[in-house]
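Trainee:
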Amino acid sequence: AQSVTQLDSQVPVFEEAPVELRCNYSSSVSVYLFWYVQYPNQGLQLLLKYLSGSTLVESINGFEAEFNKSQTSFHLRKPSVHISDTAEYFCAVSEGAGGTSYGKLTFGQGTILTVHP
Amino acid sequence: DSGVTQTPKHLITATGQRVTLRCSPRSGDLSVYWYQQSLDQGLQFLIQYYNGEERAKGNILERFSAQQFPDLHSELNLSSLELGDSALYFCASSVGTSGVREQFFGPGTRLTVL
Chain A
6 AQSVTQLDSQ VPVFEEAPVE LRCNYSSSVS VYLFWYVQYP NQGLQLLLKY
56 LSGSTLVESI NGFEAEFNKS QTSFHLRKPS VHISDTAEYF CAVSEGAGGT
106 SYGKLTFGQG TILTVHP
Chain B
34 DSGVTQTPKH LITATGQRVT LRCSPRSGDL SVYWYQQSLD QGLQFLIQYY
84 NGEERAKGNI LERFSAQQFP DLHSELNLSS LELGDSALYF CASSVGTSGV
134 REQFFGPGTR LTVL
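These protein sequences, in sequence, are chains A and B. Using our numbering, the letters of the first sequence correspond one by one to residues 6 to 122. Using our numbering, the letters of the second sequence correspond one by one to residues 34 to 147.
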């Protein structure tokens, strides 16, 4: 079984400041890692994912996350945030190659990022 | 727009009642996942279907059931509703059953049990 811990429930920042949303996971098998974003009154959208290969993955809107196997972490970062980044962010895992859970996602509790002008 | 549709958007009902939530996956996706998002439990996986067959079960109550029809749409049935069942219910679809495949989420159905 897997579990995901998002260490901060709320992160307030000012516009153009850097931000880091922390995520740690626990699993007895290899995992795939994801960050999803949920804007108010909308469904979840995939922001970025780590499947294999380079441990640093990037999204098209400037976010990046680094997979750290030794620390079982997948923290999300952005060097300069915009007002439009205000949303709730969810870290999630699924079983990796050879897994038997058919791709189901286990989510963290979410981090509400609020960007102030 | 993810291509996944869910109806209705909102549902208000009373305790003890039964409701049906509907999900239409993206064209070509064979897998449908149901998730529940509540304030106290967060986002939890309920159940998954692939091409009409149940493939994985999560924290789904016995009062809840689901099915996937030959046209691949899915329904989640919630019965003997309790106040604690109030939540946002998401459906997601993907091409296959591997964790490699991206899941596309619908806008959700907000259920309020009074």
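Glycine included, each C-beta is placed from N, C-alpha and C at the ideal position. Here the structure is a predicted model, which means the values were calculated and not measured.
(1) At least one CB of chain A closer than 8 Å to the CB of Pro140 of chain B: is that the case?
(2) Measuring alpha carbon to alpha carbon, tell me which residue in B:Gly91, B:Arg96 and B:Ala89 is nearest Thr53 of chain B.
(3) Within the continuous beta strand (DSSP E) that includes Pro17 of chain A, where are the two ends?
(4) Using the Cα positions of Asn46 of chain A and Pro140 of chain B, report the straight-line distance between them to the nearest angstrom.
(5) Verify the CB distance criterion: does Ala120 of chain B have a CB-CB separation below 8 Å to chain A?
(6) List the residues of chain A whose Cβ lies closer than 7 Å to the Cβ of Ser131 of chain B, in chain order.
(7) Given that a residue counts as buried once 16 or more other Cβ atoms are within 10 Å of its Cβ, and exposed if not, what is Val24 of chain A?
(8) To the nearest angstrom, how far is the alpha carbon of Gln70 of chain B from that of Ala120 of chain B?
(9) Please determine, among A:Pro122, A:His121, A:Leu110 and A:Val120, the residue with the shortest C-alpha to C-alpha distance to Ser8 of chain A.
(10) Would you call the stretch 104-117 of chain B and the stretch 55-63 of chain B in contact, with 3 or more CB pairs under 8 Å?
(11) What does the Cβ neighbour count give for Phe102 of chain B, buried or exposed, with the cut at 16 atoms within 10 Å?
(12) Grouping DSSP H, G and I as helix and E and B as strand, with all else coil, what is Ile117 of chain A?
(13) Give a yes or no on whether the C-beta atoms belonging to Gln43 of chain A and Leu51 of chain A are separated by under 8 Å.
(14) Helix, strand or coil: how does DSSP classify Gly160 of chain B here?
(15) In three-state terms, what does DSSP make of Ser78 of chain A?
(16) Count the other CB atoms, across all protein chains shown, that sit within 10 Å of the CB of Thr60 of chain A; report buried if there are 16 or more and exposed otherwise.
(17) Is it buried or exposed, Arg88 of chain B, if we count other Cβ atoms within 10 angstroms and call 16 or more buried?
(18) Please list, in chain order, the chain A residues whose beta carbon lies closer than 7 Å to that of Leu76 of chain B.
Mentor: By the coordinates alone:
(1) Residue numbering aside, residue 140 of chain B sits at position 107 when the second sequence is read from its first letter. Taking Cβ atoms only, chain A reaches closer than 8 Å to Pro140 of chain B, which makes this a yes.
(2) Here residue 53 of chain B refers to the residue found at position 20 when the second sequence is read from its first residue. When only C-alpha atoms are compared, the closest one is B:Arg96.
(3) Translated into positions along the first sequence, residue 17 of chain A becomes position 12. Here the beta strand (DSSP E) through Pro17 of chain A covers Gln15 to Phe19.
(4) If you number the first sequence from 1, residue 46 of chain A lands on position 41. If you number the second sequence from 1, residue 140 of chain B lands on position 107. Each residue's alpha carbon lies about 8 Å from the other.
(5) Counting from one through the second sequence, the residue named residue 120 of chain B turns up at place 87. Chain A contact via Cβ: absent.
(6) Here residue 131 of chain B corresponds to residue number 98 of the second sequence, with the count starting at 1. The answer, in chain order, is Gly108.
(7) Along the first sequence, one-based indexing puts residue 24 of chain A at 19. Buried: at least 16 other Cβ atoms inside 10 Å.
(8) Taking the second sequence and counting its residues from 1, one reaches residue 70 of chain B at position 37. Taking the second sequence and counting its residues from 1, one reaches residue 120 of chain B at position 87. Gln70 of chain B and Ala120 of chain B: Cα-Cα distance of roughly 6 Å.
(9) Indexing the first sequence from 1 puts residue 8 of chain A at position 3. Measuring from the Cα of Ser8 of chain A, the nearest candidate turns out to be A:Leu110.
(10) yes
(11) The residue given as residue 102 of chain B occupies position 69 in the second sequence. Exposed, by the Cβ-count rule.
(12) As a position in the first sequence, residue 117 of chain A is number 112, starting the count at 1. Of the three classes helix, strand and coil, the one that applies to Ile117 of chain A here is strand, per DSSP.
(13) Here the question's residue 43 of chain A lines up with position 38 in the first sequence. Here the question's residue 51 of chain A lines up with position 46 in the first sequence. No; because the gap between Cβ atoms is not below 8 Å, this pair is not in contact.
(14) Outside the modelled stretch of chain B, which goes from 34 to 147, sits residue 160 of chain B, for which no answer is possible.
(15) Against the first sequence, residue 78 of chain A aligns to sequence position 73. Looking at Ser78 of chain A - three-state DSSP - the assignment turns out to be strand.
(16) In the first sequence, residue 60 of chain A corresponds to position 55, counting from 1. Its Cβ having fewer than 16 others within 10 Å, Thr60 of chain A is exposed.
(17) Indexing the second sequence from 1 puts residue 88 of chain B at position 55. The residue in question, Arg88 of chain B, is buried, as its Cβ has 16 or more Cβ neighbours within 10 Å.
(18) For the purposes of this step, residue 76 of chain B is taken as the residue at position 43 of the second sequence. Counting only Cβ-Cβ distances below 7 Å, Leu76 of chain B has contacts in chain A at Phe95 and Phe112, in chain order.
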